[in-house]
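S.K.: First to last, the sequence lines map onto chains L and H. To convert, take the position in the first sequence, counting from 1, and add 93; that gives the working numbering. To convert, take the position in the second sequence, counting from 1, and add 510; that gives the working numbering. A virtual CB, placed ideally from N, CA and C, is assigned to each residue, including glycine. Okay, here's the structure, questions in a sec.
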Amino acid sequence: MTVEVDGLVKHYRVQRREPGFGASLRGLFARRYHTVPAVDGVSFRIDAGEIVGFLGPNGAGKTTTLKCLAGLLHPTAGRARVLGFTPHERERAFLRQFTLVMGQRNQLLWDLPAMETFLVNQAIYGVPEPQFRAALDELVALLELEPLLDKQVRQLSLGERMRCELAASLLHQPRVLFLDEPTLGLDVTAQATIRDFVRTYSARQGATVLLTSHYMADVTALASRILVIDGGTMRYDGDLRALVERHAPYRLLRLTLDCQVQPADMAAVGDLESADGLAVTLRVPRAATKERAALALSSLPVADVAIEDPSVEDIIRQVFTQR
Amino acid sequence: MTTRAVPRVYPALLRAAWGSAVAYRGQVVLWLLTSLFPLIMMAVWLSVVEEAGTAGGFDGPDFVSYYVAAAVTNHFTVAWVSWQWDEDIRTGGLSVKLLKPLDPFHHHAIEQLGKKLLIGAVLLPAVAAAAAVVSSIRYPVGPGTAAVAAVAVVAGFGLNLVMASAFSMLSFWSTQVHNLYQLWWGVGFFLSGWVAPLELFPPTLRRVAVLLPFRSSLGFPVEIVTGRLDGRAIAAGFAVTGAWSAGFLFVYRVLWRRGLRRYEAVGA
């Protein structure tokens, strides 16, 4: 077992202060604090080589959990183990085997070419030269870094910086990757590049990946299993397909009609989801998709038909609203 | 990181720190100017001895030699790391450093060294040239004593580094640590030998000053290179430096471990 989390709790003590000069003066003498339960009894396990998506709205506790797993935060209660280590003890053997990539922070030396950061990391992680060169060549090829290596980091675009950041984080070939919003703010092409890279890296190295992202495409493209967290507690842990089936026991029949049809005439096929001129979307029971599609073709003036699953975004939204 | 592995890391980190320092060449001029601050006190004392002839046994050339050495020493011993620690802890920048198998202390130490190397490359030749043409700059010591003074400079830098880092660990509990450290150094400014050589202090105050940590980073190395200390006084000075360094290192380690439990890694 690569990651083991049992009843993990992390509370933050947050100062409460009202705006205004008077409030700031009062704050000099009497401060008020309250406790925010960012993570409140989360448990899960991740096997070696798994890629797991970690989903939840802002403030759900995803990043706090990742920070506990990376040893940045001491848990308030509960237990976290990664590769058999207790993360916050920060043993060197542990620090050498994992990485945390944060979309909002980077380790690159701002005023120097990215290559300098790579060399510094080689020294810090004690990577032998042949191993370093092999890893660097592979990362340069996969992330298309060749033209970026001698450019000052501050002159790189956001997407270029994130590619260099990934390379800097992976030169020591970690066995566990915690990726916190690695595609944040990137354009569609850059997002796809990062996704392809993570998939390839995990497959080649057998690395375990726990990924948070606001872009559902990241999760659906990479992870077969997802964890859904909200309000600091786990809402779902399991197969992405099972989540879709559980929370969306229907599929969408998208029809393009030859002529207008009254809604009542389509009722036998399915529930009307939306209609836009001759384009109609019907909701049909997942188990009867084939039969309902056949019925649509035989009873309605259908020019074209497509069968789709509802978007994972919609399903996740549904999970969050079922509190 | 094991203690043995740290020296292996320094060359790569130092090369990067040098590169970062060079990236801001314009700052070199500003750093040079701050390095020369002791020369302002030199001007004050020269105006005093111009009227009185000597002050506490120091004549004009003594003050010139003292403050030129102080300017160089100050550049190499000062450790402006408290604001960096403070910012890292308050804004969550520490997280990136914590992920690596190297104590963040070394990141700060090396960044300072990079800047010192760059300024030193300009300052030392300039001072050597000045000493060659200005007859009042005189250091009546042999190479052995000069080497001891250089060791004292390194020790002074080490002490400043652990002292600033120990103070900075309070940033885990307070947001005013940088100001607190400035206040501490306000005292140090007076007792380090900046305002006046400690020989000019009243005996009681001098006896206290030589036991405090401030002299180690300025007055002590300067007194060695100006030939004002015998072997016994030099040994005592190193003992004071070593004791304070060990004390602050201990405090740093204790506060570091306790502070990390409170660290909230905000901002990421």
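I need the boundaries of the beta strand (DSSP E) containing H:P653, first residue and last residue.
M.R.: Indexing the second sequence from 1 puts residue 653 of chain H at position 143. Unbroken run through H:P653 is the alpha helix (DSSP H), 653-678; no beta strand (DSSP E).
S.K.: Looking only at its own chain, which residues have a Cβ that is under 7 angstroms from the Cβ of H:R648, when we skip the five neighbours before and after it?
M.R.: One-based indexing of the second sequence puts residue 648 of chain H at position 138. P571, S575.
S.K.: What is the DSSP secondary structure of L:A396, counted as helix, strand or coil?
M.R.: In the first sequence, residue 396 of chain L corresponds to position 303, counting from 1. It is a strand residue.
S.K.: With a threshold of 6 angstroms on Cβ separation, who are the neighbours of L:A372 within its own chain once the five nearest residues in sequence on each side are excluded?
M.R.: Residue 372 of chain L sits at position 279 when you count from the first residue of the first sequence. Excluding sequence neighbours, L:A372 sits near T349.
S.K.: Can you list the residues of chain H that L:Y218 reaches, using a CB-CB cut of under 8 angstroms?
M.R.: As a working note, residue 218 of chain L is residue 125 in the first sequence. K610, P611, listed in chain order.
S.K.: Can you pull the DSSP bridge partners for L:K103?
M.R.: Mapped onto the first sequence, residue 103 of chain L falls at position 10. Answer is L:V132, bridged to L:K103.
S.K.: By the criterion of Cβ-Cβ separation under 8 angstroms, what are the contact partners of L:D204 in chain H?
M.R.: Reading the first sequence from its first residue, position 111 is the one you call residue 204 of chain L. The contacting residues are G529, S530, A533, Y534.
S.K.: If the cut-off is 8 angstroms on Cβ atoms, which residues from the region 135-161 of chain L count as contacting chain H, listed in chain order?
M.R.: So the close ones are T156, K160.
S.K.: Using the beta-carbon of each residue, which ones in chain L are nearer than 7 angstroms to H:R771?
M.R.: One-based indexing of the second sequence puts residue 771 of chain H at position 261. Ordered by position in chain L, the residues that pass the 7 angstroms Cβ test against H:R771 are H167.
S.K.: Using the C-alpha atoms, what's the distance from H:E774 back to L:T423?
M.R.: Here chain L comprises residues numbered 94 to 416, so residue 423 of chain L is not present and cannot be evaluated.
S.K.: Counting pairs of Cβ atoms below 8 angstroms between the region 265-275 of chain L and the region 196-205 of chain L, do you hit three or more?
M.R.: Yes: the two stretches touch, three or more of their Cβ pairs being nearer than 8 angstroms.
S.K.: Give the straight-line distance between the Cα atoms of H:A693 and H:F700, rounded to the nearest whole angstrom.
M.R.: Counting from one through the second sequence, the residue named residue 693 of chain H turns up at place 183. Counting from one through the second sequence, the residue named residue 700 of chain H turns up at place 190. Rather than Ala, the amino acid found at residue 693 of chain H in this sequence is Leu. Computed Cα separation, rounded: 12 angstroms.
S.K.: According to DSSP, is L:F271 part of a helix, a strand, or is it coil?
M.R.: Position 178 of the first sequence, counted from the first residue, corresponds to residue 271 of chain L. Looking at L:F271 - three-state DSSP - the assignment turns out to be strand.
S.K.: Using CA coordinates, which residue listed in L:P394, L:D311, L:A381 is at the minimum distance from L:I400?
M.R.: The residue given as residue 400 of chain L occupies position 307 in the first sequence. Cα-wise, what sits closest to L:I400 is L:A381.
S.K.: Are the beta-carbon atoms belonging to H:L608 and L:L165 less than 9 angstroms from one another?
M.R.: Taking the first residue of the second sequence as 1, we reach residue 608 of chain H at position 98. Taking the first residue of the first sequence as 1, we reach residue 165 of chain L at position 72. In contact: H:L608 and L:L165 (Cβ atoms closer than 9 angstroms).
S.K.: Let me check one thing: in DSSP terms, what residues is L:E253 bridge-paired to?
M.R.: Counting from 1 along the first sequence, the entry for residue 253 of chain L is found at position 160. Answer by DSSP bridge pairing: none, since L:E253 is not bridged.
S.K.: With distance defined between alpha-carbon atoms, name the residue in L:L236, L:S250, L:E338 nearest to L:S262.
M.R.: As a working note, residue 262 of chain L is residue 169 in the first sequence. Here the closest residue by C-alpha is L:L236.
S.K.: Exposed or buried, H:T685, counting other C-beta atoms within 10 Å across all chains shown (16 or more means buried)?
M.R.: Position 175 of the second sequence, counted from the first residue, corresponds to residue 685 of chain H. H:T685 should be labelled exposed.
S.K.: Could you tell me how far apart the beta carbons of L:I319 and L:R328 are, in whole angstroms, since I believe they sit closer than 8 angstroms?
M.R.: Numbered from its first residue, the first sequence carries residue 319 of chain L at position 226. Numbered from its first residue, the first sequence carries residue 328 of chain L at position 235. That belief does not hold up - the Cβ atoms of L:I319 and L:R328 are roughly 10 angstroms apart, past 8 angstroms.
S.K.: Our contact map puts H:E597 next to H:A527 with C-beta atoms below 8 angstroms; I'd like the distance itself, whole angstroms only.
M.R.: Looking up residue 597 of chain H in the second sequence gives position 87. Looking up residue 527 of chain H in the second sequence gives position 17. Not really, about 17 angstroms apart at Cβ, beyond 8 angstroms.
S.K.: At which residues does the beta strand (DSSP E) containing L:A173 begin and terminate?
M.R.: Residue numbering aside, residue 173 of chain L sits at position 80 when the first sequence is read from its first letter. Residues 170-175.
S.K.: Assign L:L390 to one of two classes, buried (16 or more other C-beta atoms within 10 Å of its C-beta) or exposed (fewer than that).
M.R.: The sequence position of residue 390 of chain L within the first sequence is 297, counting from 1. Exposed.
S.K.: Straight-line CA distance for L:R172 to H:L728?
M.R.: Taking the first residue of the first sequence as 1, we reach residue 172 of chain L at position 79. Taking the first residue of the second sequence as 1, we reach residue 728 of chain H at position 218. Near 49 angstroms, if we compare the C-alpha coordinates of H:L728 and L:R172.
S.K.: Under a three-way DSSP split, which group does H:G698 fall into?
M.R.: One-based indexing of the second sequence puts residue 698 of chain H at position 188. The answer is helix: DSSP assigns H:G698 an H, G or I state.
S.K.: Alpha carbon to alpha carbon, how far is L:S295 from L:I144?
M.R.: Sequence index remark: in the first sequence, residue 295 of chain L carries index 202 (1-based). Sequence index remark: in the first sequence, residue 144 of chain L carries index 51 (1-based). Roughly 8 angstroms between the two C-alpha positions.
S.K.: Would L:L249 pass as a contact of L:C257 if the rule is Cβ separation under 9 angstroms?
M.R.: Here the question's residue 249 of chain L lines up with position 156 in the first sequence. Here the question's residue 257 of chain L lines up with position 164 in the first sequence. Contact: yes.
S.K.: Answer yes or no: does any C-beta atom of chain L fall closer than 9 angstroms to that of H:L543?
M.R.: Residue numbering aside, residue 543 of chain H sits at position 33 when the second sequence is read from its first letter. Closer than 9 angstroms: no.
S.K.: Determine, using beta carbons only, whether H:G703 and H:V661 come nearer to each other than 9 angstroms.
M.R.: Along the second sequence, one-based indexing puts residue 703 of chain H at 193. Along the second sequence, one-based indexing puts residue 661 of chain H at 151. Not closer than 9 angstroms, so no.
S.K.: So, using beta-carbon positions, are H:A659 and H:V750 closer together than 9 angstroms?
M.R.: Counting from one through the second sequence, the residue named residue 659 of chain H turns up at place 149. Counting from one through the second sequence, the residue named residue 750 of chain H turns up at place 240. No, the Cβ-Cβ distance between H:A659 and H:V750 is not below 9 angstroms.
S.K.: Can you tell me which of the three DSSP states H:S605 falls into?
M.R.: Against the second sequence, residue 605 of chain H aligns to sequence position 95. Three-state DSSP puts H:S605 in a helix.
S.K.: Return the chain-ordered list of same chain residues with a C-beta closer than 8 angstroms to the C-beta of H:G630, the five sequence neighbours on each side being excluded.
M.R.: Numbered from 1 along the second sequence, position 120 holds the residue referred to as residue 630 of chain H. Counting only Cβ-Cβ distances below 8 angstroms, and skipping sequence neighbours, we find H585, F586.
S.K.: Using a Cβ-Cβ cutoff of less than 7 angstroms, which residues in the same chain neighbour L:R109 once the five nearest sequence positions on both sides are dropped?
M.R.: As a first step, residue 109 of chain L must be located in the first sequence, where it is residue number 16. R125, Y126, H127.
S.K.: Within 10 angstroms of the Cβ of L:V135, are there 16 or more other Cβ atoms? Answer buried if so, exposed if not.
M.R.: Position 42 of the first sequence, counted from the start, is the residue given in the question as residue 135 of chain L. Buried, since its Cβ has 16 or more Cβ neighbours within 10 Å.
S.K.: Give every residue of the same chain whose Cβ lies closer than 8 angstroms to the Cβ of L:R292, excluding the five residues on either side of it in the sequence, and list them in chain order.
M.R.: As a first step, residue 292 of chain L must be located in the first sequence, where it is residue number 199. Answer for L:R292: I144, A314, L315, listed in chain order.
S.K.: Return the CA-CA distance between L:L37 and L:L333, expressed in angstroms with no decimal places.
M.R.: What is shown of chain L runs 94 to 416, which leaves residue 37 of chain L out entirely.
S.K.: How many Å lie between H:W595 and H:S678 at the Cα?
M.R.: Counting from 1 along the second sequence, the entry for residue 595 of chain H is found at position 85. Counting from 1 along the second sequence, the entry for residue 678 of chain H is found at position 168. Roughly 6 angstroms between the two C-alpha positions.
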